[in-house]
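Student: Line by line, the protein sequences are chains A and B. If you count the first sequence from 1, you need to add 124 to reach this note's numbering. If you count the second sequence from 1, you need to add 14 to reach this note's numbering. Glycine included, C-beta positions come from ideal geometry on N, C-alpha and C. Below are the structure tokens for one structure; questions will follow.
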Amino acid sequence: MTATFALGALLFTALFAVATLGITRQVLLTQREDSALQVAFTNAGRVQRQLTPEAAVNEILANLSTTEGSRPLIRVGEDDVQSINVEDFGPDDIPDELLALVEDGRTGHMLVTIRGEPNLVIGIPLVGSVQAEYFEAVSLAETQNTLETLQVILFVGAGTIILLAGVLGWWASRRALAPLSEASEAAEAIAGGRLDTRIDAQADRDLASLAASFNEMAGALESRIERDARFASEVSHELRSPLMTLTASVEVLENNRDDLPERAQTALDLLADDLERFKQLVEDLLEISRFDAGAAQLALDEVLIVEFVGQAVGFLVPGNVPVDVEPVLAGAIVSIDKRRLMQVLSNLLDNAEKYGGGVSRVAILPGRDDHHLRIAVEDNGDGVPADERAVIFDRFSRGSAGGRRGADTGVGLGLSLVAEHVQLHGGEVWVEDGVAGGARFVIELPRESARALEHA
Amino acid sequence: MGVGTRILTVEDDERIRTAVRLALEDEGWQVEEADNGEDALNTFTAAPTDVVLIDIMLPGIDGFEVCRSIRRTSDVPIVMVTARADTHDVVAGLEAGADDYLTKPFAPKELSARIRALLRRARSADPAATHLQFGDLEVVPDEGVVRKAGEEVHLTKTEFRLLVELASSPGRVFSREVLLERVWGYGYFGDGRLVDVHIRRLRTKVESDPANPRHVVTVRGLGYKLQT
């Protein structure tokens, strides 16, 4: 934009300068030529009248009225050439062409450089008692100087204009484009999830309507997404009441399981299992809807990560699952949302139990630098195929391995929630090959304590 | 415990009320019911129960108000039922005087475990320590009495157990996890807000200047301790 302005200005001013120079040059030269010719003809007429065979050519020359810078020269035959000052203008300075022309009886004039200066040399044949030619050299140095000065003025002017145009262009484009770049930043922000982003009101009428419709769109989008998220949240809430009744009722049935016929016991077990899964699904949906509504907030606590992970693994997984700790991390304190990290570990461990043939190892490892650490959960399964590693964290993605999971259909929200929770902590999660061949889910968390939540 | 222990459940959804009553009765509790706040207060005033279970979302007088009203006259253990654990409802319920909370849908067996923990008697680590003095603060575990500058302070059962726990090792720092375990019967993953809000409530009763506590002090990043 700035370059376009400057280029436009350059072209325009260059054209303008060249044209001005050309025209001025033409006008000035023509004027000078005309006046010089006039004077030269007048002088030639006088010389013609005074020139007799006995007249002193010198005197005639001295009596001629010449304008400044003009030097007359009288040539009588080949040898008698009289000039006021031969140094200034001598017979050698007359171009052959002009000489031939005048000797031929015609008048003529030419532009000639004499002693480095531009001159107009005029030649007029004299027809009187004596055959002679009158020449006059008129210096154009002054005109040349004027033209040069003009040239300098024009070029400096043009340069200044180009510079000014560039600056103006830069300023104007910034001014003109600022609302547009603001709009594009706002659009990116909205795409990035900051749905409450709006553009400032614009003074320019066209931009004002652009800003207004942009904000209107953003508002509509925001309320729509909020409505969707609220809907999911309300549905989940509404499901809580029947789930409460179901949970309590199933418990009553389980309390009296021994009194039930065998077939009813089997049905009760199915009911109880699926009720648990249903409850988990509702919880996950509610959690997800909070992420979607942008309402998810961290409640940070500083914990000894080794203790936390150890407790979580002991709490969540039956049997003795080793938690390997890199010695340097033994005393590492990390700021985390305990509830969320617990859910992350619960999902990963559960996943390993259900689909990975059991947890083989949990490890606390150094991160990519001193400011991060990793928690890895390894299983005994077949690992996750490379092409599924990215999508496995998508909602309701179960991968092809899901097909082998038999009757257990899983829920498909667990890993996407893991990703959401970890990202909320400013961390990352991925899956890779474990040491023993199974899958290895790794979460990397920043170690900096945000000290966001102060207890008591 | 169990037989003869009466629980008042305040819940407007009849189906939930019935199912929860059946399950609680299986656990051996005696269950009284109320389907709104006013009824609950009348029932409790007429014949106070040993435990109260209140759903926060009630038509008319809401659960918080029922809780505050009961607290004015009684130190009965109160369990709040909230919709979600991560909302402000939990803190608001605890500040209204609840001792613990559960989120819907909860297992009645879990509720029973919570109630049993709340009904436990305050115990002193050192049986010989029958009379503990912290400056102007006097704790008598066996009598369930706390005096501040000679004047008796009314604490709820949970507040009292929390204070006695801290008083069992004066000067020692108790982590939230330890307090959750000893006072509420939760493990490592209990909600630390239970401790924080109860500590806050305790301070308003035993400290001269609750904003600058002298006895029940916070040890940043570690927990709480009781000092002279």
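Taking 8 Å as the threshold (C-beta atoms), are K123 of chain B and E375 of chain A in contact?
Tutor: Yes, the pair counts as a contact, with Cβ atoms nearer than the cut-off.
Student: My guess is that V160 of chain B and F174 of chain B are in contact by the Cβ rule of under 8 Å, so how many angstroms apart are they, rounded?
Tutor: 7 Å
Student: Quick one: give me the first and last residue of the alpha helix (DSSP H) that H102 of chain B is part of.
Tutor: H102 to E109
Student: By Cβ distance, which residues of its chain are closer than 6 Å to L472 of chain A, with the 5 residues on each side in sequence left out?
Tutor: V501 and F565
Student: Just to confirm before moving on: does the CB-CB distance between V200 of chain A and A143 of chain A stay below 8 Å?
Tutor: No, they are not a contact pair.
Student: Note down, in chain order, each residue of its chain lying with its Cβ closer than 8 Å to the Cβ of L132 of chain B, except the 5 sequence neighbours on either side.
Tutor: V65, P91, V93, D113, D114, K171, T172 and W198
Student: Quick one, which of A:A417, A:E568 and A:G561 has its alpha-carbon nearest I460 of chain A's?
Tutor: A:E568
Student: List the residues of chain B that N379 of chain A touches, going by C-beta distances under 8 Å, in chain order.
Tutor: A37 and D40
Student: In the stretch 128-216 of chain A, which residue ranges form an unbroken alpha helix (DSSP H) of at least 4 residues, counting only runs that do not cross its ends?
Tutor: Segments of the alpha helix (DSSP H) lying fully in the stretch 128-216 of chain A: 181-187.
Student: For A353 of chain A, which residues from the same chain have a beta carbon less than 6 Å from its beta carbon, with the 5 sequence-adjacent residues on both sides left out?
Tutor: Within its own chain, the residues whose Cβ lies closer than 6 Å to the Cβ of A353 of chain A, once the five positions on either side in sequence are excluded, are S413, D416 and A417, listed in chain order.
Student: Straight-line CA distance for L145 of chain A to Q275 of chain A?
Tutor: 7 Å
Student: Along chain B, which residues have their Cβ under 8 Å away from the Cβ of L375 of chain A?
Tutor: The question names Leu, yet the displayed sequence has Glu at residue 375 of chain A. Here the neighbours are A37, D40, A121, P122 and K123.
Student: What residues match up with R20 of chain B in a beta bridge as DSSP calls it?
Tutor: The partner list for R20 of chain B (beta bridge, DSSP) reads B:Q44.
Student: If we ignore side chains and look at the alpha-carbon of each, how far apart do L537 of chain A and I499 of chain A end up?
Tutor: 20 Å
Student: I238 of chain A: which of A:V254, A:E260, A:L225 and A:V251 sits nearest, CA to CA?
Tutor: Ranking A:V254, A:E260, A:L225 and A:V251 by Cα distance to I238 of chain A puts A:E260 first.
Student: Straight-line CA distance for V515 of chain A to D210 of chain B?
Tutor: 41 Å
Student: Do I314 of chain A and A332 of chain A have their C-beta atoms within less than 8 Å of each other?
Tutor: no
Student: Note down, in chain order, every chain B residue with its Cβ under 8 Å from the Cβ of R361 of chain A.
Tutor: Here residue 361 of chain A is His; the residue named in the question, Arg, does not match the sequence. The answer, in chain order, is A97.
Student: In the DSSP assignment, find the beta strand (DSSP E) that holds K162 of chain B and state where it starts and stops.
Tutor: V159 to K162
Student: Tell me, please, whether the stretch 38-53 of chain B touches the stretch 65-77 of chain B by the rule of three or more beta-carbon pairs shorter than 8 Å.
Tutor: yes
Student: Is the distance from the Cβ of A130 of chain A to the Cβ of G290 of chain A below 8 Å?
Tutor: yes
Student: For the putative contact between A121 of chain B and T371 of chain A, defined by C-beta atoms under 8 Å, what is the C-beta separation to the nearest angstrom?
Tutor: 6 Å
Student: Run through chain C and tell me which residues come within less than 8 Å of Q435 of chain A, C-beta to C-beta.
Tutor: Although the question refers to chain C, the structure presented lacks it and instead comprises the protein chains A and B.
Student: Excluding five sequence neighbours on each side, which residues of the same chain lie with their C-beta closer than 6 Å to the C-beta of A33 of chain B?
Tutor: none
Student: From T242 of chain B to L208 of chain B, what does the alpha carbon distance come to, in whole angstroms?
Tutor: 24 Å
Student: To the nearest angstrom, how far is it from the Cα of K219 of chain B to the Cα of N226 of chain B?
Tutor: 13 Å
Student: Using the rule of at least 16 other Cβ atoms within 10 Å of the residue's Cβ for burial, across every protein chain shown, is E362 of chain A buried or exposed?
Tutor: exposed
Student: For I213 of chain B and V231 of chain B, what's the separation of their Cα atoms in angstroms?
Tutor: 9 Å
Student: Can you tell which of A:G558, A:H233 and A:G317 has the C-alpha that lies nearest to the C-alpha of T220 of chain A?
Tutor: Note that residue 220 of chain A is Asp in the sequence shown, not Thr. Here the closest residue by C-alpha is A:H233.
Student: Starting from D425 of chain A, find everything on chain B with Cβ-Cβ shorter than 9 Å and list it in chain order.
Tutor: R190 and G206
Student: Residues in the same chain with beta-carbon distance under 8 Å from G550 of chain A, minus the five sequence neighbours each way, listed in chain order, please.
Tutor: L569 and P570
Student: DSSP three-state label for Y71 of chain B, please.
Tutor: Per the sequence shown, residue 71 of chain B should be read as Met rather than Tyr. DSSP places M71 of chain B in coil when its eight states are reduced to three.
Student: Can a CB atom of chain A be found closer than 8 Å to the CB of R29 of chain B?
Tutor: yes
Student: Closer than 8 Å by C-beta to S357 of chain A: which residues in its own chain qualify, once you throw out the five before and the five after it? Chain order, please.
Tutor: L410, S413, R414 and A417
Student: Mind checking if A112 of chain B is an interface residue toward chain A, Cβ cutoff 8 Å exclusive?
Tutor: no
Student: Going along the chain, which residues of the stretch 215-236 of chain B sit with their C-beta nearer than 7 Å to a C-beta in chain A?
Tutor: T232 and G235
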